[in-house]
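Taken in order, these protein sequences are the chains called A and B.
Here the first sequence is numbered in this note's numbering, starting from 994 and rising by one per residue.
Here the second sequence is numbered in this note's numbering, starting from 634 and rising by one per residue.
Glycine included, every Cβ here is placed at the ideal spot set by N, Cα and C.
First comes the structure, then the notes that go with it.
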Amino acid sequence: MKVRRLTSRYLGPRSLAASGSLLLLASCATNAPQDTWQPKGPNAKMIDDLQQPVFAVAGIIGIIVAACVGFAIWRYKDRGQPIPEQTHGKPALEVSLTVIPALILAVVGVFTFRAIFDLARTDDTQLVINVTGQQWWWEYDYPVQNEWGITQPIISSGQLVLPIGTKVLLRETSRDVIHSYWIPALNGKRDAVPGRVHTLRLQADAPGIYAGQCTEFCGLSHANMRMEAVALSDADFAKWVANQQAAYQAPAEGTLAKEGESVFLNQCVRCHQVSGLKRADGSLAIAAPDENVWSGAAPNLTKLMTRNTFAGAMFNLLRDACRDDVWRAESAAFGEKYLGGVDESCLNVNDLRAWLRNAPEVKPMYANPALLTDTNGKYRGMPNLGLSESDIDKLVAYLLTLK
Amino acid sequence: MFKTGSKLFLGLSGFAAFNLVAYVIFVERLAIGGVALSLVFAALTGLAAIVLLINEGDNERQPRDAALIGASLWPLTTVVGIVLLILGLIVAQIYFILGIVVVLAALAEWLVQAWSESASDDPAHNESARQRLLHPIEFPVIATLGLGVVIFSFSRIMLAISKSAGAVSFIVAASLVLLIGALFALRPALKPALVSGICVIGAVGIVAGGIAGAGIGLRSDLAEAAEEGHYLHRECGVEKSKYFDKKAMKNLSLRSNAAAIVELRDGKLSAIMVGFNTPQQLITASRANPVTFIFRNFDPTERRLVASLGNAMAGAPAAESDGEEADHAGKNETCTQLIPKGAEQALTIKYNKPTIAQTEPFTLTVPGVAGQSIEVLVP
């Protein structure tokens, strides 16, 4: 009796209507960068063109079936009437109910297979990018492709930069566990599996930033393993490529940034590579993530300040106002704003300092020294380096020069 | 005092004691067999004691409804399970797990049987009650075990006979199943005994074949291939194996993993990579992650692919990074075996350091083919 009262009180028509309204309103969100129903490229559009009619057909059939079941329950419920005569089978009805769904599925199947094969094409690729997943960030490396001005491999992380209107092929793999790459506005999901190379086509129609999320549970910070695809016009992409390949510029002597470079060489270079960075003796500083990190890799920080994110795209390098300025820019102005990178006035210094102060505190990672016996002394993620506030000041100043 | 039951168990326990003493004296002291026989002896003695305590066989004290109680194998099965369980603590985990399963199953059966036998005065009703409760569990379990035995036996047959005989056997077996299934469907009036007989004969035939197949072991090519380690031919010497990486591209996992297919054709070496529409002379490989190259030889001479790994310890065959040893005769390189025209072989490498750390570039070359080299860039 009590249960019935509670049920009628909390699950009454008004509660159900309120819940339904909330769901309906939630579907009307305008700021939904990972909405699967808003394709921004031909590959995602192909999926959308398939899922819209299938969703409609499945929805109509679902409603018809639910209505039939409801009608049968209501019409033939036990009212004490005699059991009707039992007959075996009704061939015409049974054949119809088998053939009609089979035909519907066959039609859906034809279009689905065509879309699958079209999405699996690799022979029309215009730009290849290698994508490697590891706990909990994505690495992007651009193989040498002279037609794009890429004369030496470019390596980046956090944001995938691609030219608009170009058939880009991602060659995905993983260094540790299975991850899954998904930027809903540009295409469907594709698993990144250790020991395998999977391909995924991407193409963006217009300049802008398209958000994504790892969709295969991959450990403690799976939910924080994000990605952003940045689409630039051909001219802007060429500028980006040229800048990524530009020589390393050491900070001026006597500056705080120069002191930060020393801190970087003493601490960070054990895992993080900055191309062109040299030690005091003039030798190149070569990072050794394979000796310190379980996955064997740490983000390459060359040109860090040309990206908008850090720590596996979990945190923004730009303050909210500056980030909004880039994200909401018109197509024509987007490239210029994005290529402007991060300067001191726009740097999200609070999150960056918190990260440098104690990374595992702000992003869950297996970076506790007590757990290192399980990984042969190697970290899963960035450990707490125990930097002083003074060192952090210097490092921030140095990182700002990497652009 | 001593009736039939107690005499039986006392006799069996005496026999077990005799065997135990003989085993300890003539075979081995403190061996596993001794432990097992000790447990058997203890179990049988325990059963004899129980029988004596409850005066089984004493007609004067037989309960009124004794006729309702049938013979039961479950006490004995439980004891066997306990023996397995204790043996498993000493020998291997698998026996322990098996013992737990046997004990739990036997106790469940025993409990339900005991409950059903006191359900009513009608033995038929009691048996029906037991069946209604246990058949939905017993039948699927027995069917699964039976199917498992048949499938395992069939796999032993297929591993023992040649490839062509295997294909023929599979076709014959599938055809027989289809024909007999069709016969059963078309003749629903067949006697159940005949249907059961055919099924039992088939199953017994497969199990017997499986036992024979297990006795014969793997066919020769499988046995030789199993003895070869995948990474045991890293010496870049003259040795070659008939089965090593045979038809690499037919191996699904290698095909999916190939970073590039390196072809030697008309004296030229080139790399074919997914996404690139023309053959390449430059490969960009991920750092600290195993990459696999498939080498295809279209040259009339036997050739091998050699990968230089830059400075010492900069790169390593994937297996070495897992702790295996390899001898490169002082050179920091790894290679495929010599393969004839039309053959192909896989080479898996893990480049731990980037190209900028090298004084010599990472390359892929073929000895004897001058002027042909593919550079591997590791960012």
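Around the C-beta of B:R898, fewer than 16 other C-beta atoms lie within 10 Å, and the residue is accordingly described as exposed. Beta bridge pairing from DSSP links B:S903 with B:E896. The C-alpha of A:S1276 is placed about 21 Å away from the C-alpha of A:P1292. For A:D1116, DSSP records no beta bridge to any residue.
As computed with DSSP, A:E1165 is found in a beta bridge with A:V1124, A:H1191. Close CB contacts of A:M1220 within its chain, under the 6 Å cut and outside five residues either way in sequence, are with W1131, G1205, A1306 (chain order). The DSSP assignment places 1201-1206, 1219-1225 as complete runs of the beta strand (DSSP E) inside the segment 1195-1261 of chain A, in order along the chain (cut-off: 3 residues). Under the 9 Å criterion on CB atoms, A:L1018 is classed as non-interfacial with respect to chain B. Chain order gives the chain A residues near B:P987 as Q1266, I1279, where near means a beta carbon separation below 8 Å. B:N930 is bridged by DSSP to B:L897.
Counting of Cβ neighbours within 10 angstroms places A:N1024 among the exposed residues, the total staying below 16. In the DSSP assignment, A:E1382 falls within the alpha helix (DSSP H) that extends over 1382-1392. Counting every other CB atom within 10 Å of its CB across the protein chains shown gives B:G714 a total of 16 or more, marking it as buried. No residue range can be given for B:Q970, since it is assigned to no alpha helix (DSSP H) and is classified by DSSP as neither H nor E. Pairing A:L1294 with A:H1265 gives a Cβ-Cβ distance under 9 Å.
By the Cβ-count criterion, B:A807 is exposed, with fewer than 16 other Cβ atoms from all chains shown falling within 10 Å of its own Cβ. Put simply, the CB of B:A822 is far from chain A, with every gap to its CB atoms at 9 Å or more. In this structure, B:L938 and B:V999 form a Cβ contact; the two beta carbons are roughly 6 Å apart against a cut-off of 8 Å.
Residue pairing by DSSP places A:Q1152 opposite A:E1221 in a beta bridge. Residue ranges of uninterrupted alpha helix (DSSP H) with 4 or more members, entirely inside the segment 702-735 of chain B and ordered along the chain, are 707-723. Residue range 915-917 is occupied by the beta strand (DSSP E) that includes B:L915, with no alpha helix (DSSP H) assigned at that position. B:P1012 belongs to the set of residues whose beta carbon lies under 9 Å from a beta carbon in chain A. According to the DSSP assignment, B:S941 belongs to the beta strand (DSSP E) that extends over 939-941. Neighbours of A:L1162 across chain B, judged by C-beta separation under 7 Å: G908.
If you keep only unbroken alpha helix (DSSP H) runs of at least 4 residues inside the segment 1252-1336 of chain A, you get 1282-1285, 1313-1320, 1324-1332. Residue-level contact by beta carbon holds for B:S919 and chain A, with a gap shorter than 9 Å. Contact with chain A is absent for B:N965, since none of that chain's Cβ atoms lies less than 9 Å from the residue's Cβ. In the DSSP assignment, the residues bridged to B:Q978 are B:F928. For B:F995, no alpha helix (DSSP H) run applies; the uninterrupted beta strand (DSSP E) run containing it begins and ends at 995-998, by DSSP. The beta carbons of A:L1365 and A:K1356 sit no closer together than 9 Å. Between A:N1293 and chain B, the shortest Cβ-Cβ separation is below 9 Å. Scanning the segment 1056-1118 of chain A from its first residue to its last, the whole alpha helix (DSSP H) runs of 4-plus residues come out as 1084-1112. Going by DSSP, B:S829 is part of no beta strand (DSSP E) but of the alpha helix (DSSP H) stretching over 825-849. Under the three-state reduction of DSSP output, A:W1141 falls in the helix class.
For A:V1342, there is no enclosing beta strand (DSSP E); the enclosing alpha helix (DSSP H) covers residues 1342-1350.
Rounded to the nearest angstrom, the Cβ distance from A:R1194 to A:L1112 is 6 Å, consistent with a contact under 8 Å.
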